[in-house]
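> Here the numbering used here runs 235 ahead of the position in the first sequence, where the first position is 1. C-beta: ideal position from N, C-alpha, C; glycine also. Got a structure for you, questions after.
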Amino acid sequence: MFNNDLPSVYDPKGLEEKWYQYWLDKDYFKAHIQLDKEKNYSIVIPPPNVTGSLHIGHALNNTLQDILIRWKRMEGYNTLWLPGTDHAGIATQNVVEREISKENKTRHDLGREKFLERIWQWKEKYGGNIVNQLKRLGSSCDWSRLRFTLDEGLSRAVRKVFVQLYKEGLIYRENYVINWCPRCQTALADIEVESVEEDAYLYYINYPIKDSGEYITVATVRPETMLGDTAVAVHPDDPRYKRLIGKIAILPLVGRELSIIADSYVDPEFGTGAVKITPAHDLNDYEMGKRHNLEFINLLNEDGTLNEQAGKFKGLNIEEARKEVIEALKNEGYLKKVENYHHAVGHCYRCNTVIEPYLSKQWFVKMKELAEPAIAAVEEGKIEFIPSRWTKVYFEWMKNIKDWCISRQLWWGHRIPVWYCQDCSTLNVEEYEPSSCKKCGNQNLFQDPDVLDTWFSSALWPFSTLGWPEETDDLKSFYPTSTLVTGFDIIFFWVARMVMMGLKFCQEVPFKKVYINPLIRDEKGEKMSKSKGNVIDPLEILEEYGADALRMTLSALTIQGNFICLSEERIKGFRNFTNKIWNVARFSILNLKDFDLTNIEDDYLVSNLSLVDQWILSRLYTTIEMMQNYLTEFKFGEAAKTIYEFTWNEFCDWYIEFIKPRLYQKKDQLSKKTAQYTLWLVLSNILKLLHPFMPFITEEIWHRISYQEESIMISTWPKVKDKFIQPKIEKKVFKIMDIIKTIRNIKSDMNIPFSKEIDLFISINKDDDLFTLIQENIVYIEALIKIKELKIGTSIEKPPYSVTGILEGIEIYIPLQKLIDIEEEKNRLKKRLTKIKIELETSQKKLKNKDFISRAPEEVIMKEKEKSRELGDIVARLENHLKNLQ
RNA sequence: GGGCGGAUAGCUCAGUUGGGAGAGCACUGGCUUUACAAGCCAGGGGUCACAGGUUCAAGCCCUGUUCCGCCUACCA
């Protein structure tokens, strides 16, 4: 049953592919239809960009999801982890545009249809990359349910949602100043604009007042937009300008007549208190333009260059135009002064280009009405954010929500399902292309050229992927999903919008819990970026250290904070842990060779467990309990560290060492058998607890030590058994460990090599229980310390030339062959004495405090008294020994 | 401007209802110990940011201060 052909170093190569294929062949990842929702556990993946490659953030996000799914699966839930990818409009279009630019072509050369064909070809060829990378990570997704946001089913959901929202008046089309990316040549939503603080200049420009020698001075950071000015505004109550209201200013360089208007939006404190108004290129100016019926002059082409409205500046880009305009103003004497200025400038979140406010006709979703139930759902606890502080972030945004610009001037995406009638201008908003205009019946229709924001389809992800609008069994079984795992950077982009759409179209929240995972930084806490060269590529890590090491590292580092700092050093540390597991498995397999698992007399063995067996089981079940709590609370780091420390520090460092003599001897078969039984039981439970974190190595070892369950991933998750948790047993073993540590400490201090046998005298101060404990369990001390001559008794005399170790109730003497250095021994004892004395004094001080005695709980006082007594005893004996050393 | 989070060992962070300051990594010394040198044993290292307050008792609760980070906003 037990093979031991294992090499001493764990090598993940080959094993990972083997087991992943095994799981696939057995169909373990596949979820079943189960209409009793209580028995289901479901997660929809945050769909990665189809053009994407696995980065370290994906690795973390998906590791955590897989931990949840594997844990719940082992707990017996019917689990669904639904995978998929996102068509990522701008990003994907960019990639293919770059590709065809190598052929010196633009998408316009190809035309819409041909270009889309190219993207689909590209998607078929490379779109599976990220999916394969998720598989390498060990993700147990139900691949039979793989979805793509542009699939027919999901597209239908998008059209249906659009049509319904339009018919309810929640989607509308309007001329508005939106965020325009001149490079992507599309509109963007507000949240797709990242503001970056930049140093700039504030220009003061004199605008002459018509028919007078006067000027009115305006201040601006964007002098080039003056070409589109159609007014100058001042505050109605500003005494400096009151008399100018209603007069005409002449726009320098252009000569346009601008009326000087009064509007309370103007802040008299800022700049000169007079503002140039460019209604087509500034949102506030636009609003003011509407209030005052101003002319809207659009200066820009779609590519960000100035159009014919800019006169002689036509054809320049914004940057060039700014220089030229300033130069001209200077030459003509209109530039009054220039100040340094610091302000935030919007950049495209996809390509980092400076965003231009741009007046154009776009489609919008009215958000307020959708947001209200979404706010209520979280307030009522139907959705819980973990960590909870993200709830505030969600509310903050939802309560100040603005309408969402959803039209994009791209080709790759869901085309807006609106057909305009060229004869009667009617808008035909339909799920499927109409053959004729619903109003005039003519067939002269053309479809809106724009596509929808990718996030529009992402917002439907939790139900569109389950088959909505059809009432599928999947939808009935798995909606609402159990948990969403994602990063805080997309709470607004994605999470909030899913909540709104889920409530609107399914009348239920899309998920009950939202776990917000931290974002990954480098070891110095800095953002990873290609330009900084501090990127950790998970694919290289997978190659070099294996999936288990990467997953365990990421899990262990996952804390409740916002960021985790990752370095290759950390990964090495957890790679070492995989090796530790590997070797403890080797040891176990070797020592279980003659152990017949098929015929375990469970009760018989359990009733004959030794002290250390009971101890490790007590620790094991405590660990199981902690793991359960931590996982339930989404404390992945704590859970990972708990099993790490139990395995390494308690199981490997102590238990294995304790039982070696029992395993190696032949006289006492029962003792050997109980040790083997416990060894097997603890190891198999460790493997199970580790499986969600390290699926591959645990599966590999499982098949070498288990006979009953065909795969660890569908084995039963360990349950707490209270009767095995025994604090008294733990205390006893800690006492034995304490003695061993004291002896090791002395040996280390005295430079006695580990392998050197020593004589050992253990003197116990008239405590029968303690004496019995040591007497009965001396084998465990002998297992860890090489002893030549041993003497245990009460009040043993200190032998000559010996060093002393003192702990509660016990004195340890180790005679040395040579004369000991009295001074050195004194220093050693003094060092200990000083430490303990400080503790004792603190304790005594407390006990002398009448308020403490009268007000603290009885239990606390008792504990303090006990502590004081113990410490006092040790101090007295230490002092006595020191005196005798004279 | 508004909001949120953070400050504990050299680094990254735990620290549950207030009751003896912890882990991992790093560092120092020792060890060919029949699972593992990717290992084993031992050790050093902290005014818990600062100042007050509540309490018998504060890393933890309250107030204020300083510094750092993030999000958000229409002062051109």
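Given T513, which residues of its chain have a CB within under 6 Å of its CB, disregarding the five upstream and five downstream residues?
T460, G463, D464, D520
> What does DSSP give as the partner residue(s) for D724 in the beta ladder?
According to DSSP, D724 bridges with nothing at all.
> Taking 7 Å as the threshold (C-beta atoms), are E666 and V398 in contact?
yes
> Counting Cβ pairs closer than 8 Å, one from the region 495 to 505 and one from the region 516 to 530, do we hit at least three?
By the Cβ rule, the region 495 to 505 counts as touching the region 516 to 530, because three or more pairs are nearer than 8 Å.
> Going by Cα to Cα distance, which pick from S379, Q328, Q368 is closest to W355?
Of the candidates S379, Q328, Q368, the one whose C-alpha sits nearest the C-alpha of W355 is Q328.
> Assuming K573 and H582 are in contact, meaning their beta carbons sit under 8 Å apart, how far apart are those beta carbons, in whole angstroms?
This sequence places Val at residue 573; Lys is not what is there. The pair is not a contact, with the Cβ atoms about 24 Å apart (cut-off 8 Å).
> Nearer than 6 Å: is that true of the beta carbon of K370 relative to any heavy atom of the ligand COA?
Inclusion of the ligand COA in the displayed structure is not the case, the ligand content being empty and no account of it being possible.
> Report the residue from I921, M862, L488 whose alpha carbon sits nearest the alpha carbon of C887.
I921
> Is the separation between the beta-carbon of F728 and that of W690 shorter than 7 Å?
Yes; because the gap between Cβ atoms is below 7 Å, this pair is in contact.
> Is the distance from the Cβ of D984 to the Cβ of R1063 below 7 Å?
Their beta carbons are under 7 Å apart, which means D984 touches R1063 by this criterion.
> In three-state DSSP terms, what is E607?
helix
> With DSSP run on the structure shown, which of helix, strand or coil describes D1108?
helix
> Pick out whichever of N864, M862, I878, T721 has its Cα sitting closest to the Cα of K815.
Sorting N864, M862, I878, T721 by C-alpha distance to the C-alpha of K815 places I878 at the top.
> Output the distance between the C-alpha atoms of I936 and A820, rounded to the nearest integer angstrom.
7 Å
> Here's the rule I'm using: 16 or more other beta-carbon atoms within 10 Å means buried, otherwise exposed. How should W254 be labelled?
Around the beta carbon of W254, a 10 Å sphere encloses 16 or more other beta carbons of the protein chains shown; the residue is thus reported as buried.
> For Q682, which three-state DSSP category applies?
Strand at Q682.
> For K445, which of helix, strand or coil comes out of DSSP?
coil
> With three or more C-beta pairs closer than 8 Å as the rule, is the region 792 to 808 touching the region 911 to 918?
Taking 8 Å as the limit for Cβ pairs, the verdict is that the region 792 to 808 does not touch the region 911 to 918.
> Is DSSP giving F383 helix, strand or coil here?
strand
> Taking the alpha-carbon positions, what's the D829 to L289 distance?
46 Å
> Would you say I365 and G292 are within 7 Å of each other, going by their C-beta atoms?
No, these two residues do not count as a Cβ contact at 7 Å.
> Return yes when the Cβ of C675 is within less than 7 Å of the Cβ of D658, no when it is not.
Yes, these two residues count as a Cβ contact at 7 Å.
> In chain order, what residues of the same chain have a beta carbon less than 6 Å from the beta carbon of V894, not counting five sequence neighbours either side?
According to the sequence provided, residue 894 is Ile. The question's Val does not apply to it. Taking I894 as the centre and dropping the five residues before and after it, the same chain places the C-beta of A910 closer than 6 Å to its C-beta, in chain order.
> With the cut-off set at 7 Å, would you say P282 and T320 are in Cβ contact?
Yes, the pair counts as a contact, with Cβ atoms nearer than the cut-off.
> Is the Cβ-Cβ distance between S375 and D301 less than 7 Å?
yes
> Determine the closest residue to Y629 out of F989, G362, K976, V749, with distance taken between C-alpha atoms.
V749
> What are the complete alpha helix (DSSP H) segments, minimum 4 residues, inside the region 586 to 638?
603 to 614, 625 to 634
> For the alpha helix (DSSP H) containing R180, name the first residue and the last one.
With the chain covering 236 to 1121 only, the question about residue 180 has no answer from this structure.
> If we ignore side chains and look at the alpha-carbon of each, how far apart do I776 and D757 end up?
Taken atom to atom, the span from the alpha-carbon of I776 to that of D757 is near 15 Å.
> Roughly how many angstroms lie between the CA atoms of K571 and G481, to the nearest whole one?
23 Å
> Check the C-beta distance from T977 over to G1044 and give it rounded, since I have them as a contact under 8 Å.
T977 to G1044, Cβ: 12 Å. No contact.
> For the alpha helix (DSSP H) that contains Y912, what are its first and last residues?
904 to 925
> Counting only the same chain and skipping the five closest in sequence on each side, list residues whose C-beta sits under 7 Å from that of P669.
If we look at P669 and ignore the five residues flanking it on each side, its Cβ neighbours are W654, N663, L680.
> With a cut-off of 8 Å, do at least 3 Cβ pairs link the region 266 to 278 to the region 710 to 722?
Under the 8 Å Cβ criterion, the region 266 to 278 counts as touching the region 710 to 722, having at least three qualifying pairs.
> Residues in its own chain within less than 7 Å of D1002 by CB, not counting five upstream and five downstream?
G1044
> Work out the CA separation of Y263 and K908 for me, nearest whole Å.
35 Å
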